[in-house]
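Residue numbers (the numbering used here), protein chains in the order written: chain W, 28 to 244; chain C, 45 to 315.
Next comes the structure, spelled out in C-alpha cells:
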C-alpha cells in the first residue's frame with residue numbers, strides 16, 4: 028500500500044473533547060434521536076427519564092401525562108427521584124409506562140442490577156428505551172463523577188436485557204461504521220459527515236447500541 | 045435626582061455585579077463562537093484517506109503485522125518479563141502472545157522470553173480451566189481474553205484459585221477497538237473495559253494493594269487500530285503517548301498473597 032494521507036488526523040489531541048457538542052450535533056446523538064423519534068409513540072403516560080426531561084418533552088409531547096427525572100445526586104433542578112439504580116428499593120414497583128435510559132448503562136458497574144430495577148419499576152406492558160456506547164472514548168464529566176465502566180456490543184446488550192425481560196420483547200440494534208467511529212473519537216459533529224455515511228452500518232463498528240425492551244403483561 | 049442617579053450607577057458597577065456581567069458576556073461569547081475555537085473549524089477538516097466506509101488496512105497489509113493493540117500487549121509483556129517465570133498458564137484466544145513470542149516484525153523488542161518448556165500450559169477453551177487442580181501456577185497470562193467471558197467474576201475466581209500463593213496474574217483487555225467478527229472460545233465479544241472496571245473487578249478477588257492497572261493509547265493510535273493499520277505506520281513516540289481518556293488497552297497485574305503459614309515455612313527454609 029502506498030503512503031497514507033493523514034489529512035487533519037495525524038495529531039495526538041482530538042479536535043474536540045466534548046463529543047462534538049461545540050461543533051454541532053454530537054454523532055451519537057444522531058442515532059439516539061433517530062431511535063427515539065422512531066419509537067416516539069412509546070413515550071406516553073407516566074414517563075421516567077435519566078438526567079433531564081429533554082427527550083420526554085421533545086418526543087413525548089402531549090402523550091406524556093406525568094414526567095419524572097431520576098438522578099443519582101439531587102443536583103439538576105428538575106430531579107424528582109434521587110436513586111442509585113443498583114439499590115433503589117425506595118422506588119415503588121410497576122409505575123412507569125416508559126423509561127428513557129440514554130447513555131447511562133456504561134456508567135454503572137453492576138449493570139445487571141440496574142436493569143433489574145428498571146424492569147421492576149416498569150408497568151406490565153411498559154417500554155424501556157435504552158442506548159449505550161459500543162466504541163467511544165471516556166467522557167470527562169462522567170469519569171470524574173461516577174466513572175465509566177463498560178462498552179457493550181449488541182450481543183452483550185441483548186443477553187443482558189433478555190436475561191431480565193424474560194417473556195418480554197427485546198429489540199437490539201447497532202449503529203455505526205469505521206468513518207463514524209473515527210470521526211466520533213476525534214470529536215467531529217454530524218454536520219461534518221453526510222447522512223448516507225452515518226446511516227451505513229458495519230457490524231464490526233458498533234458505535235452506538237439501541238435497545239427497546241417491553242415488560243410482559 | 046442626582047443622588048439617585050449616582051446610587052444607581054454605583055450599584056451597577058459594584059465589583060460583584062460587574063464580574064457577573066462580564067461572566068455573562070463571556071458565556072455568550074463562548075457559546076456563539078464555540079465552533080470557531082478549535083482548529084480545524086467545521087468544514088475545514090481534511091479527511092485524507094480516512095473518508096472511507098471500510099477500514100483502510102483491510103487486506104492491504106500482511107495479516108500478521110502487529111496492530112496497535114498487539115503492540116501495547118507486547119510492551120506490557122516486555123516490561124513484565126522478569127516476573128514471568130516458573131510454571132505458567134496462558135490464556136490467549138487471539139494468538140497475541142503466540143505472535144509476540146515468535147516475535148516477527150517487532151524490531152524494537154529484544155525478546156528472550158523462551159517459554160517452550162514443559163512448565164507452560166496453554167488453555168484452549170475456558171472449560172479446561174475447571175479441570176486443572178488448584179494452587180499450581182506461578183504466573184497466569186490472560187491476554188485479550190476477558191472480553192469473551194460472560195461471567196467475569198467466576199473466571200477471575202478460577203484464576204485466583206489456580207495460582208500458587210505469591211503467584212501473579214498478568215492480564216490485558218481491550219478498551220477501544222473494532223468488534224471482531226471472529227468469535228473465540230465459542231463466544232462472541234461481550235465487553236470493552238475501562239481502567240475503573242478492571243480495578244474493581246480484580247480488587248473484588250485479589251487484595252486491592254496488589255492490583256496495578258495501566259492504560260495505553262491515544263486518539264491517533266485508535267484511528268490506526270480501527271482502520272487496521274499496522275503499528276509501525278505510527279512513530280513509537282506517537283504510539284507511546286498516553287491519553288487517559290482514550291484507553292485502547294488496559295493492562296493489570298494482580299497477586300495472590302502468600303498466606304502466613306507458607307511465609308513462615310519459606311523463611312525457616314531460608315534460615
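Every residue, glycine too, gets a C-beta built ideally from N, C-alpha and C.
Item, Value
"Ordered along the chain, which non-local residues of its own chain (more than five positions away) have a Cβ less than 6 Å from that of residue 88 (chain W)?", "none"
"Rounded to the nearest angstrom, how far is the Cβ of residue 105 (chain W) from that of residue 96 (chain W), given a contact under 8 Å?", "5 Å"
"Assuming residue 45 (chain W) contacts residue 214 (chain W) under a Cβ cut-off of 8 Å, what Cβ separation, rounded to an integer in Å, is found between them?", "7 Å"
"At the level of alpha carbons, what is the spacing between residue 278 (chain C) and residue 118 (chain C)?", "16 Å"
"Since residue 289 (chain C) is in the beta strand (DSSP E), which residue starts that stretch and which ends it?", "Counting along the chain, residue 289 (chain C) falls outside any beta strand (DSSP E), and DSSP gives it neither H nor E."
"Can you give me the C-alpha to C-alpha distance between residue 316 (chain C) and residue 72 (chain C), rounded to a whole angstrom?", "Any question about residue 316 (chain C) goes unanswered here, given that chain C covers just 45 to 315."
"Within this structure, are the beta carbons of residue 218 (chain W) and residue 86 (chain C) separated by less than 7 Å?", "yes"
"Counting only beta-carbon separations shorter than 7 Å, does residue 236 (chain C) have a partner in chain W?", "yes"
"Can you give me the C-alpha to C-alpha distance between residue 239 (chain W) and residue 157 (chain W), rounded to a whole angstrom?", "6 Å"
"DSSP state of residue 198 (chain W), grouped into three classes?", "strand"
"Tell me the DSSP secondary structure of residue 81 (chain C) in three-state form.", "helix"
"Between the Cα of residue 217 (chain C) and the Cα atoms of C:167, C:199, C:296, which residue gives the shortest distance?", "C:296"
"Which ranges would you report for the alpha helix (DSSP H) in the stretch 188-266 of chain C if only whole runs of at least 4 residues count?", "196-206, 239-249"
"Could you please give the first and the last residue of the uninterrupted alpha helix (DSSP H) stretch that includes residue 114 (chain C)?", "112-123"
"Can you check which of these residues, C:47, C:202, C:115, C:98, is closest to residue 135 (chain C) by C-alpha distance?", "C:202"
"Tell me where the alpha helix (DSSP H) around residue 145 (chain W) begins and ends.", "138-148"
"In this structure, what does DSSP give as the bridge partners for residue 274 (chain C)?", "C:111"
"For a test of the three-state rule: what should DSSP assign to residue 53 (chain W), helix, strand or coil?", "strand"
"Listing by chain order, which chain C residues have their CB less than 9 Å from the CB of residue 232 (chain W)?", "99, 222, 223, 270"
"At 8 Å on the CB atoms, spell out the chain W contacts of residue 192 (chain C), in chain order.", "By Cβ distance, chain W contributes nothing, its closest Cβ being about 11 Å from residue 192 (chain C), past 8 Å."
"To the nearest angstrom, how far is it from the Cα of residue 229 (chain C) to the Cα of residue 49 (chain W)?", "43 Å"
"Does any CB atom of chain C fall closer than 7 Å to the CB of residue 173 (chain W)?", "no"
"Which two residues bound the contiguous alpha helix (DSSP H) that contains residue 226 (chain W)?", "222-226"
"Determine the extent of the beta strand (DSSP E) in which residue 172 (chain C) is found, giving its start and end residues.", "Taken as a continuous stretch (DSSP letters only), residue 172 (chain C) belongs to no beta strand (DSSP E), being part of the alpha helix (DSSP H) at 170-175."
"Is there a C-beta anywhere in chain C that falls below 7 Å from the one on residue 178 (chain W)?", "yes"
"Pairing CB atoms from the stretch 226-241 of chain W with CB atoms from the stretch 183-197 of chain W, are three or more of them under 8 Å?", "yes"
"Can you check whether the C-beta of residue 81 (chain W) is within less than 7 Å of a C-beta belonging to chain C?", "no"
"So for residue 47 (chain C), helix, strand or coil by DSSP?", "helix"
"Specify the secondary structure class of residue 110 (chain W) as computed by DSSP and reduced to three states.", "coil"
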